[in-house]
Amino acid sequence: MQIAVASGKGGTGKTTISTSLALSADTDVQYLDCDVEEPNGHIFLKPELTYSETCWVTIPKLDESRCTACGKCRDICNFNAIAQFGETVMMFPEMCHSCLGCFRVCEEDALLEDRREIGVLESGMAGNIEFVHGRVRIGEAMGIPLLKAVKKKAAPEKLIILDAPPGTSCPFVESINDADYVILVTEPTPFGLHDLKLAVTVLKNFNIPGGIIINRSDLGDDRVQRYCEAEQIPILMEIPFQRSIAEGYARGQNLVDIVPELRDDFRDLLEKLALQTAK
Amino acid sequence: MKEVLILSGKGGTGKTSIIGSFADLAENKIMVDCDVDASDLHLLLAPRPTEEHDFVSGVKARVEADKCNACGMCLEICQFESITMEDTAIISELACEGCGVCAHFCPEEAIILDKNHCGSWYISDTDYGPLVHAQLFAGEENSGKLVSHIKNQAKQLAEASNTDLILIDGAPGVGCPVIASLSNVDLVVVITEPTLSGKHDLERILDLTDHFKIPALVCINKWDIHPGMSTEIETACSKRNVDLLGKIPFDTTVVDCQIQGVPVTKDKTSPAGNAIRDVWTKLQKTINSLDDQVSVDGSIAGLQLPQAK
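Protein sequence lines correspond, in order, to chains A and B.
Under my numbering, the residues of the first sequence are numbered 1 to 279, in order.
Under my numbering, the residues of the second sequence are numbered 1001 to 1309, in order.
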């Protein structure tokens, strides 16, 4: 079973919920941190990272001695990564999406394979939890290939918990599109509700079942509850604000260590979702 | 004219609540919401749109089923795992990056590239000044391009109306929309929180502003949730020669004002609102000092410019 924990709005508690689920599971569990821009799961699970690999993408490099400035590579590139001024062809490797179209159209073998670093993937064990995350290279705009590399480490025989990045655009979609169930973590504020609605739209488009966890459930109003009722989206859990939780979180403590009785609630939730997705 | 961008790395540290308050406090400015996939600033500023435009960017590939003979060429070529083969090729609209290589090589010319309408953008009036904002359709890509587009629109608007300042709300993370929002920016204000996650993400966002050689200042929100961690962040900032703009206390009136749909500075008794007022006074001084030309050693009126990596 693959459960993605996502939110739309940032800072609602995705990492808190996904690490709590991983720590509460009875079964073999794998935690995949899909927020490759700002991964935080390691701060809480404190894995011993024993494996590291660099994620590269293929980009073209011009062999000027062979180039005839025919313009075919520039014409096929839809990402403005190749420009031509008169007889001069210029490459903008940071714009390249690695579609390899330019290599395919070049008849002079004037393009050599070069590579660009996207970031680093690391993995290891955090107690019994298999842990994987990626860190995008600072300055790299395209994190998706690294996110895909993290997802490729998914071990289907295990319970997989995916910690998704904020937002509702491509990194969010890439994190949830293979999930059996998506837990959306929100807060009961206008910002939380607005971004929740956007995230729910994506789940509906993908036809992925989902439910809501309301974090800091007493700091706001009841519009999120009313929205969930109207849309018939189950509210899986509500966690009220407690200063002790906020202080513990600040130091990198796990929610289920700060409030141990929540461990049973998360375990029950996992059982419930296992039954539901098995249907 | 100066462009000031609010970032955070970590989401939910209070970027939008704080820039909404700056909008209340600043004179002669334009606001831009560059968090185009989960934009929230309009919930505080109550915009009245005066212009609405479609945002069309890039293409999406589509198979014309009656022409496709399922030869499998496109499946082999596609680098984005967006094509599956049944009786004909099927292209997943969400996975397609719009490179168009499949359409170029399809021997049957069975693949059409449709223009991709992926969002809307607006110019609005608010009680606080003009707001340029956008909504990327849920699940879309091209957030960076939409960010660049609305920033350019705001710049044109500012030039036409003799506006001194563009206040920009950024997206979380360090990726595509954040990098797009950094172009031409004079000063970045990073909003962080006193948590290990906040500190970790702050370091990465400061690495990013260093990378692009843009000066940054830091503001700690909800600082009293963990005063010890706040001190650690202050120490980390001074090690990097990054100035602290101020500290804002944890205060539930921020949520109350959000529910009423107004910036927290509208509540004159709010401790957070008052702290933001102090932060703004200090920020305003820094912005004014940016008018001085960059000196030879690269420092701007006492602001230490970070070294490029």
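Idealized CB from N, CA, C, for every residue including glycine.
Predicted, not measured: the structure shown is a model, and the values here were computed from it.
Which residue wins for smallest C-alpha separation from residue i, given the options the options?
i: B/Ile1112; options: B/Leu1196, B/Ala1154 and B/Val1063; result: B/Val1063
i: B/Gln1258; options: A/Ile235, A/His194, A/Gly248 and A/Ser123; result: A/His194
i: A/Glu108; options: A/Phe79, A/Glu94 and A/Gly71; result: A/Gly71
i: A/Glu238; options: A/Phe85, A/Tyr249 and A/Arg216; result: A/Arg216
i: B/Gly1144; options: B/Thr1088, B/Gly1058 and B/Glu1086; result: B/Gly1058
i: B/His1211; options: B/Thr1192, B/Val1178, B/Trp1223 and B/Ile1220; result: B/Val1178
i: A/Leu111; options: A/Lys14, A/Glu157, A/Lys61 and A/Arg251; result: A/Lys61
i: A/Val150; options: A/Asn128, A/Phe206 and A/Ser123; result: A/Ser123
i: B/Lys1247; options: B/Ile1191, B/Ile1030, B/Ala1038 and B/Asp1207; result: B/Ile1191
i: B/Leu1146; options: B/Val1262, B/Ser1092, B/His1053 and B/Leu1217; result: B/His1053
i: B/Ala1138; options: A/Met95, A/Thr201, A/Gly101 and A/Ser20; result: A/Thr201
i: B/Asp1201; options: A/Arg226, A/Ser244, A/Ala274 and A/Gly41; result: A/Gly41
i: B/Leu1005; options: B/Asp1256, B/Ile1166, B/Ala1236 and B/Asp1251; result: B/Ile1166
i: A/Asp33; options: A/Tyr227, A/Cys106, A/Lys204 and A/Ile160; result: A/Ile160
i: A/Glu140; options: B/Glu1141, B/Asp1127 and B/Ala1180; result: B/Ala1180
i: A/Val29; options: A/Arg251, A/Leu270, A/Ile258 and A/Glu261; result: A/Leu270
i: B/Leu1182; options: B/Asp1164, B/Asn1162, B/Thr1195 and B/His1149; result: B/His1149
i: A/Gly8; options: B/Ala1171, B/Gly1273, B/Cys1099 and B/Ser1021; result: B/Ala1171
i: A/Thr156; options: A/Ala179, A/Lys148 and A/Phe172; result: First, the amino acid is wrong: residue 156 of chain A is Pro here, not Thr. Of the listed residues, the one whose Cα sits closest to A/Pro156 is A/Ala179.
i: B/Phe1055; options: B/Ala1275, B/Ile1205, B/Gly1100 and B/Cys1118; result: B/Cys1118
Name the chain B residues that come within less than 7 Å of residue i, Cβ to Cβ?
i: A/Asp221; result: Ile1259
i: A/Gly143; result: Gly1175
i: A/Phe191; result: Thr1016, Asp1040, Leu1043 and Gln1258
i: A/Ile138; result: Val1174, Arg1204, Asp1207, Leu1208 and His1211
i: A/Ile43; result: Leu1196, Ser1197 and His1200
So, with DSSP's three-state summary, where would you put residue i?
i: B/Arg1062; result: strand
i: A/Leu162; result: strand
i: B/Cys1176; result: helix
i: B/Ala1308; result: At B/Ala1308, the pLDDT of 35 sits below 50, so the modelled position is not reliable; the number obtained from the coordinates is stated separately. Correct three-state label for B/Ala1308: coil.
i: B/Pro1047; result: coil
i: A/Pro145; result: helix
i: B/Cys1219; result: strand
i: A/Lys272; result: helix
i: B/Gly1144; result: helix
i: A/Asp33; result: strand
i: B/Gly1298; result: The predicted model places B/Gly1298 with a pLDDT of 43, which falls under 50 and marks its position as unreliable; any figure quoted below should be read in that light. Coil at B/Gly1298, not helix or strand.
i: A/Thr88; result: strand
i: B/Leu1029; result: Leu is not the amino acid found at residue 1029 of chain B; the sequence shown has Lys there. Reduced to three states, the DSSP call for B/Lys1029 is strand.
i: B/Arg1000; result: An answer regarding residue 1000 of chain B cannot be provided, because it is not within the stretch 1001 to 1309 covered by chain B.
i: B/Ser1328; result: There is simply no residue 1328 of chain B to check, as chain B begins at 1001 and stops at 1309 in what is shown.
i: B/Gln1293; result: With a pLDDT of 46 at B/Gln1293, under the threshold of 50, the modelled position of this residue cannot be trusted; read the value that follows with caution. Three-state DSSP puts B/Gln1293 in coil, outside helix and strand.
i: A/Ala230; result: helix
i: B/Ala1089; result: strand
i: A/Phe79; result: coil
i: A/Arg135; result: strand
i: A/Asp265; result: helix
i: B/Ile1214; result: coil
At what residues does the alpha helix (DSSP H) containing residue i begin and finish?
i: A/Phe103; result: Gly101 to Val105
i: A/Asp195; result: Pro190 to Phe206
i: B/Asp1210; result: Leu1196 to His1211
i: B/Phe1105; result: Val1101 to Phe1105
i: A/Arg74; result: Lys72 to Ile76
i: A/Gly248; result: Arg243 to Ala250
i: A/Lys14; result: Lys14 to Ser24
i: B/Thr1253; result: Thr1253 to Gln1260
i: B/Leu1075; result: Met1073 to Ile1077
Span of the beta strand (DSSP E) holding residue i?
i: A/Phe85; result: Ile82 to Phe85
i: B/Ile1225; result: Neither: B/Ile1225 is in no beta strand (DSSP E) and is coded neither H nor E.
i: A/Met125; result: Leu111 to Ala126
i: B/Lys1002; result: Lys1002 to Leu1007
i: A/Gln2; result: Gln2 to Ala6
i: B/Trp1135; result: According to the sequence displayed, residue 1135 of chain B carries Gln and not Trp. First-last of the beta strand (DSSP E) with B/Gln1135: Leu1131 to Leu1136.
i: B/Asp1114; result: Ile1111 to Asp1125
i: A/Leu49; result: Glu48 to Leu62
What residues from chain B crowd round residue i, counting only those whose CB sits closer than 8 Å?
i: A/Glu247; result: Ile1225 and His1226
i: A/Ala22; result: Going along chain B, no residue has its Cβ under 8 Å from A/Ala22, so there is no contact; the nearest lies around 16 Å.
i: A/Val202; result: Ala1138 and Gly1139
i: A/Val173; result: Leu1094 and Gly1139
i: A/Leu198; result: Asp1037, Ala1038 and Ala1138
Note down, in chain order, every chain A residue with its Cβ under 8 Å from the Cβ of residue i.
i: B/Lys1010; result: Gly10, Gly11, Glu38 and Asn40
i: B/Val1101; result: Ile76, Cys99, Leu100, Gly101 and Arg104
i: B/Ala1171; result: Gly167
i: B/Met1229; result: Ala250 and Arg251
By the criterion of Cβ-Cβ separation under 9 Å, what are the contact partners of residue i in chain A?
i: B/Ala1089; result: Ordered by position in chain A, no residue passes the 9 Å Cβ test against B/Ala1089, which lies about 17 Å from the chain.
For residue i, which residues in chain A fall below 7 Å Cβ to Cβ?
i: B/Thr1252; result: Leu219
i: B/Phe1055; result: Residues of chain A passing the Cβ test: none, with the nearest at roughly 13 Å.
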